[in-house]
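First up is the structure itself, then whatever we jot down about it.
There are 4 protein chains.
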Amino acid sequence: MAVTVRRRVDFPMIDMADIAFYPRIYDLAHRCFEEAWALMCGVEYHEMLYEWKLGYPVVDIASTFHGPLRYGRTAVMTMWIESVGASSVVWRYRLEDDLGNLVWTSRQVTVGVHMDDMSVRPVPEDLRRHLEACTPPEGA
Amino acid sequence: MAVTVRRRVDFPMIDMADIAFYPRIYDLAHRCFEEAWALMCGVEYHEMLYEWKLGYPVVDIASTFHGPLRYGRTAVMTMWIESVGASSVVWRYRLEDDLGNLVWTSRQVTVGVHMDDMSVRPVPEDLRRHLEACTPPEGA
Amino acid sequence: MAVTVRRRVDFPMIDMADIAFYPRIYDLAHRCFEEAWALMCGVEYHEMLYEWKLGYPVVDIASTFHGPLRYGRTAVMTMWIESVGASSVVWRYRLEDDLGNLVWTSRQVTVGVHMDDMSVRPVPEDLRRHLEACTPPEGA
Amino acid sequence: MAVTVRRRVDFPMIDMADIAFYPRIYDLAHRCFEEAWALMCGVEYHEMLYEWKLGYPVVDIASTFHGPLRYGRTAVMTMWIESVGASSVVWRYRLEDDLGNLVWTSRQVTVGVHMDDMSVRPVPEDLRRHLEACTPPEGA
């Protein structure tokens with residue numbers, strides 16, 4: 002099942018046009034991605050990075066910006082897994098604000114690598130099982 | 002009384018030395034400062050900025066970095082008010098991690114300004130009353 | 002003709018894996034985009050924003066991350082225009098480091114808006130002429 | 002003698018009040034600090050970090066914000082060394098814009114550490130000699 006993480010929209014995210022500056026949407030998405038691991042797989046991302054030496058950098062992203070994210074709102078990020086390959090995991094993001102306005106959707110291909118040398122690593126079986134259970138929300 | 006805000010330490014805060022990059026401690030402090038207004042004065046900072054047209058930029062900061070903030074920890078930011086002047090408010094910050102390790106202390110002088118032209122504005126009486134009640138925590 | 006902007010890779014761009022954190026590639030791309038306007042069209046982006054009240058936020062991005070951008074390198078960003086519509090401009094980015102390693106390619110659809118109310122605006126004819134002259138580099 | 006580094010003020014530095022957001026002044030200062038090492042001591046900071054395993058994190062900062070840094074301006078950062086201790090180096094910063102408006106001054110105490118374990122390290126003699134030659138500009 003998809004997971005959802007909520008975050009305040011903080012002042013540092015906002016630009017001179019009074020909307021979240023778009024690279025900070027990606028920054029926000031990474032912060033939510035980090036939180037998602039515990040919700041999806043029961044493991045903290047910092048444990049994966051430091052103890053398992055396993056990270057998931059992105060290699061390909063497609064995103065659409067549907068509307069502005071404004072100061073004073075809460076970001077509501079829903080995330081699910083499109084597919085799990087031998088070493089890759091394809092994430093989907095749907096960002097709304099707390100009024101239900103659609104802000105941003107994204108499809109991100111990540112690849113598992115060893116944190117010491119960035120060599121590609123297969124998706125561990127226990128992660129795969131949990132990730133594959135993160136199916137899209139209804140209507141997505 | 003002092004207020005405390007907790008935030009996850011996210012990956013984007015961490016540098017190549019595996020500790021929070023120091024300008025991002027100031028960024029974190031601003032995010033906590035924003036949350037503090039509701040706790041201290043019952044008003045959201047975005048309402049002050051957008052509806053009252055009142056902001057509090059910093060004009061003077063003194064900070065000491067006591068120890069590293071690491072990935073996987075939670076930032077625990079305690080804030081109180083040292084003094085309220087005609088238009089200035091002096092904030093104090095004490096940042097620990099969730100293990101109780103002291104990370105950073107800071108004294109920040111802010112000045113109330115009109116958001117349209119940055120002209121100095123007196124501290125409204127209702128804010129003053131609430132801010133003056135934010136006395137230091139024991140032992141600070 | 003395509004334009005190229007060079008920037009040092011600064012410490013704040015680097016993450017704990019010793020490579021540029023990917024949202025900061027988008028941040029870097031925006032900084033280069035800003036510089037590109039003067040090179041492409043002879044107008045500074047801040048003049049467009051403040052005096053013409055014309056901005057070009059992104060609405061759609063597709064990006065591929067080909068390899069890491071490392072500290073100590075220089076970012077070499079080449080930019081050209083794929084097409085100019087009634088109000089949209091499609092940018093292409095090709096980021097290499099100064100050793101010629103390919104880092105990132107991106108296609109970004111931007112739309113001209115009025116900075117006061119974000120209403121869509123047609124591409125001014127003088128901009129259109131200059132933008133259409135920014136053809137791809139050889140081999141792209 | 003003091004050294005000076007110039008940087009464009011980029012859009013990502015600017016907040017909703019149309020001025021550089023103050024934590025990004027510290028971020029900018031670090032980028033200039035990095036450039037300063039080559040000018041002051043003839044060594045690139047990334048070489049110090051990666052090859053010498055020597056870094057200079059800050060432990061104490063005092064700063065005054067004198068006036069806003071605006072979009073469209075160029076940041077002109079002048080840096081010199083106040084003193085060199087057994088392992089510490091005290092930096093001074095003076096930030097103006099390209100119109101000569103004073104923006105920010107700062108005094109930052111840094112301490113040399115080994116990048117692997119953050120243990121304190123003495124200032125190498127060749128660095129000390131170069132750093133001590135970075136005397137204040139006239140009138141500072």
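Residue numbers (my numbering), protein chains in the order written: chain A, 2 to 141; chain B, 2 to 141; chain C, 2 to 141; chain D, 2 to 141. Note that the Cβ used here is the ideal one computed from N, Cα and C, for glycine as well.
Exercise. Hey, would you say A/Thr79 sits closer than 7 Å to A/Asp99, going by beta carbons?
Worked result: no
Problem set entry | Under 7 Å between C-beta atoms of A/Val60 and A/Val112 | yes
For this session: Determine the closest residue to C/Val104 out of C/Gly68, C/Leu132, C/Phe34, with distance taken between C-alpha atoms.
Result: C/Gly68
Exercise. Does DSSP classify B/Ser25 as helix, strand or coil?
Worked result: The question names Ser, yet the displayed sequence has Arg at residue 25 of chain B. Helix, per DSSP.
Exercise. Can D/Tyr94 and D/Ala30 be called in contact, C-beta distance under 7 Å?
Worked result: yes
Problem set entry | Cβ of C/Pro13 within 7 Å of any chain D Cβ | yes
Exercise. Quick one: what does DSSP say C/Glu83 is sitting in, helix, strand or coil?
Worked result: strand
Exercise. Out of curiosity, what's the CA-to-CA distance linking B/Trp101 and B/Phe12?
Worked result: It is worth fixing the name first, because residue 101 of chain B is Gly in this sequence and not Trp. Each residue's Cα considered, the two are about 20 Å apart.
For this session: Flag C/Asp28 as yes if its beta-carbon sits less than 7 Å from any beta-carbon of chain B, otherwise no.
Result: no
For this session: Give the straight-line distance between the Cα atoms of B/Val91 and C/Arg8, rounded to the nearest whole angstrom.
Result: 38 Å
Exercise. Are three or more beta carbon pairs between the stretch 34-49 of chain B and the stretch 21-40 of chain D nearer than 8 Å?
Worked result: no
Exercise. Tell me which same chain residues have a C-beta within less than 8 Å of the C-beta of A/Phe149, skipping the five on either side of it?
Worked result: A query on residue 149 of chain A cannot be resolved here, the shown segment of chain A reaching from 2 to 141 and no further.
Problem set entry | Check whether A/Ile82 and A/Leu40 have beta carbons under 7 Å apart | no
Problem set entry | B/Tyr46 in three-state terms, based on DSSP | helix
For this session: Tell me, to the nearest whole angstrom, how far the beta carbon of C/Ile20 is from that of A/Ser64; I am working on the premise that it is less than 8 Å.
Result: With 8 Å as the limit, C/Ile20 and A/Ser64 do not qualify as a contact, their Cβ atoms being about 21 Å apart.
Exercise. Does any residue of chain C bring its CB to less than 7 Å from the CB of A/Tyr46?
Worked result: no
Exercise. What residue range is occupied by the uninterrupted beta strand (DSSP E) comprising D/Asp98?
Worked result: 89-98
Problem set entry | Cutoff 7 Å; reference B/Val110; Cβ partners in own chain excluding five residues on either side | Val59, Val60, Asp61, Ser89, Val91
Problem set entry | Backbone secondary structure at B/Arg1 - three-state DSSP | Any answer about residue 1 of chain B is impossible in this case: the structure gives chain B only from 2 up to 141.
Exercise. Under 7 Å, do B/Val10 and B/Leu70 count as touching if we go by C-beta distance?
Worked result: yes
Exercise. Measuring CB to CB, does D/Ala87 end up less than 7 Å from D/Pro123?
Worked result: yes
Problem set entry | Residue-level contact to chain B via CB, A/Arg32, 7 Å cutoff | yes
Exercise. Would B/Asp19 count as contacting chain C if we go by Cβ distances under 7 Å?
Worked result: yes
Problem set entry | In DSSP terms, what A/Phe66 is bridged to | A/Trp105
For this session: Report the rounded CA-to-CA distance for B/Ala1 versus D/Tyr57, giving the unit in angstroms.
Result: This structure leaves residue 1 of chain B out entirely; chain B is present only between 2 and 141.
Exercise. Would C/Glu97 be called buried (16 or more neighbouring beta carbons within 10 Å of its own) or exposed?
Worked result: buried
Exercise. What in chain C is Cβ-close to B/Asp98, meaning under 9 Å?
Worked result: Per Cβ cutoff of 9 Å: no residues; B/Asp98 is ~17 Å from chain C at best.
Exercise. What is the DSSP secondary structure of D/Arg122, reduced to helix, strand or coil?
Worked result: coil
Exercise. Which chain B residues are close to C/Pro69, counting only those with a beta carbon under 8 Å from its beta carbon?
Worked result: Neighbours of C/Pro69 on chain B: none; closest Cβ ~12 Å, over 8 Å.
Problem set entry | Residues that B/Tyr72 contacts on chain A, provided the C-beta gap is smaller than 8 Å | His47, Leu50, Tyr51
For this session: Kindly give me the distance between the Cβ atoms of B/Met17 and C/Met17, rounded to whole angstroms, as I take these residues to be in contact under 8 Å.
Result: 6 Å
Exercise. Is DSSP giving C/Arg74 helix, strand or coil here?
Worked result: coil
For this session: Sort B/Pro137, B/Lys54, B/Val121 by Cα distance to B/Arg108 and report the nearest one.
Result: B/Pro137
For this session: Could you tell me whether the Cβ of C/Asp61 comes closer than 7 Å to any Cβ of chain A?
Result: yes
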